[in-house]
Amino acid sequence: MLPFARVSIIGLGLIGSSIARAVRQHMPTVRLTGHDADPQVRATADRLQLCDDIADSAGAAVTDAELVILCVPVGAMEGVAREIADDLPADAVVSDVGSSKAGVATALRAALPGRPIVPAHPVAGTENSGPEAGFGSLFHGRWCILTPLEDSGSAAPRVRAFWEMLGAQVEEMTPEHHDLVLAVTSHLPHLIAYTIVGTASDLEEVTRSEVIKYSAGGFRDFTRIAASDPTMWRDVFLANKEAVLEMLQRFTEDLTALQRAIRWGDGDALFDLFTRTRAVRRSIIEQGQDDAAPDFGRSH
Ligand code: NAP
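Those letters in the sequence shown? Residues -9 to 290, per this note's numbering, in order.
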């Protein structure tokens, strides 16, 4: 039994196009309608046959939808929700995939009063953007976090069933808790990667060509994350300001402690920390959240 027979996707980039591909694979009878603000993205989506219909406006894309998923940058969610408000069928469920949740939940509720809203965040992605970057297995074995609103009612179990059919494992939590957890597992790592790559490219005593030439020493692993979409990440940091600043404060204190250990030759402190962090990597592999192959499975 399908949780939704007609699904509309607004924003056909990496995540939107991956959902479209996954729906085609796992729920082939679902009627898919899509829209993207960018006419070139719409043309590409048409060529790739991501959806049954590509509409020219967000409103036109939702007129007979049972589920609408907003897959646009976090800062664009409220605007899109307002665009679809008049065309949305009364009982259509609205969800999204934004990487921060408290601000998005408030914005969707304000734009769509009285509607069933189930904000969601599939914790899966890559550093690439756009409709050609998507793939249908993106959500297999990954977590999708739902942060249902108090009045989401029976819509939440249907959205859960939808994500489970795409191969995801689903967890529910409050938007505030989501934002705190993701601040440490995703937002802070991105901020650190953006900083390291920025610092290295600004160095004067070491040339940029040397930074690139010797990047296999560790630097290149940060560059994957630091290549992530600038619009998406600008919006995430602005939307999840409080939690990110709180985690950044903790991180800065820990960094200062490490600085002190290096300055005073406290090898035991360094060794203890590095032993603990190695165990974290092992747990991630044991829980199937990354491949066990050394060096991320690169061929040598
Ligand atoms: P993306 O590849 O850049 O796709 C976003 C698409 O939305 C773009 O084609 C963009 O067009 C379009 N768009 C922007 N504003 C719009 C509007 N007002 N109406 C209609 N379309 C609009 O980004 P993405 O990686 O799929 O990210 C989409 C959402 O997923 C974000 O909220 C992000 O936080 C979340 N997310 C991302 C990841 C990840 O790893 N990338 C993982 C989980 C969740 P333009 O190019 O013209 O702006």
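Just so you know, even glycine gets a beta-carbon here, dropped at the ideal spot from N, CA and C.
Under the DSSP assignment, residue 84 falls outside any alpha helix (DSSP H), being part of the beta strand (DSSP E) whose first and last residues are 83 to 86.
In the three-state reduction of the DSSP assignment, residue 257 falls in the helix class, which pools H, G and I. For residue 49, the CB stays at least 7 Å from every heavy atom of the ligand NAP.
Counting only runs of at least 4 residues, the segment 27 to 72 fully encloses the following alpha helix (DSSP H) elements, listed from N- to C-terminal order: 29 to 37, 48 to 52. Excluding five sequence positions before and after residue -5, the CB atoms of its chain that fall closer than 8 Å to its own CB belong to 19, 20, 21, 56, given in chain order.
With a cutoff of 7 Å, residue 222 counts as near the ligand NAP, since its C-beta is closer than that to a heavy atom of the ligand. By a beta-carbon distance limit of 8 Å, residue 123 does not contact residue 136. Their separation comes to about 24 Å. Taking 8 Å as the cut-off, the beta carbon of residue 58 is found closer than this to the beta carbon of residue 0. By the Cβ-count criterion, residue 261 is exposed, with fewer than 16 other Cβ atoms from all chains shown falling within 10 Å of its own Cβ. At least one heavy atom of the ligand NAP sits closer than 7 Å to the Cβ of residue 70. The criterion of a C-beta distance shorter than 8 Å is satisfied by residue 227 and residue 177. Residue 221 is a Cβ neighbour of residue 63, given a cutoff of 8 Å. Between the ligand NAP and residue 141, a heavy atom-to-CB distance of less than 7 Å is absent.
According to DSSP, residue pairing for residue 133 in a beta bridge involves 159. Not one heavy atom of the ligand NAP sits closer than 7 Å to the Cβ of residue 177.
Apart from the 5 residues on each side of it in sequence, residue 167 has no Cβ closer than 6 Å to any other Cβ in its chain. Residue 110 carries a strand assignment under DSSP once its states are collapsed to helix, strand and coil. Under the three-state reduction of DSSP output, residue 175 falls in the helix class.
Look at residue 289 here: in three-state DSSP terms it is coil, with no helix or strand label. Judged by their CB atoms, residue 259 and residue 251 are nearer to each other than the 8 Å cut-off.
Setting aside the 5 residues that flank it on each side, residue 47 is surrounded in the same chain by 25, 73, each with a C-beta closer than 8 Å to its C-beta; the list follows chain order. Residue 142 sits buried, since 16 or more C-beta atoms from the chains shown fall within 10 Å of its C-beta. In this chain, the alpha helix (DSSP H) harbouring residue 228 covers 220 to 229. Placement of the Cβ of residue 1 at a distance of less than 7 Å from at least one heavy atom of the ligand NAP is found. Counting only the Cα atoms, residue 210 lies some 9 Å from residue 204. In the DSSP assignment, residue 105 falls outside any alpha helix (DSSP H) and carries neither an H nor an E. For residue 80, the closest of 68, 104, 91, 92 by C-alpha to C-alpha distance is 104.
In this structure, residue 83 sits near residue 106, with a CB-CB distance shorter than 8 Å.
If you draw a straight line from the Cα of residue 116 to the Cα of residue 29, it is about 23 Å long. In this structure residue 120 touches residue 4 by the C-beta definition: roughly 7 Å separates them, less than 8 Å. In the displayed model, residue 120 falls within coil according to three-state DSSP, outside both helix and strand.
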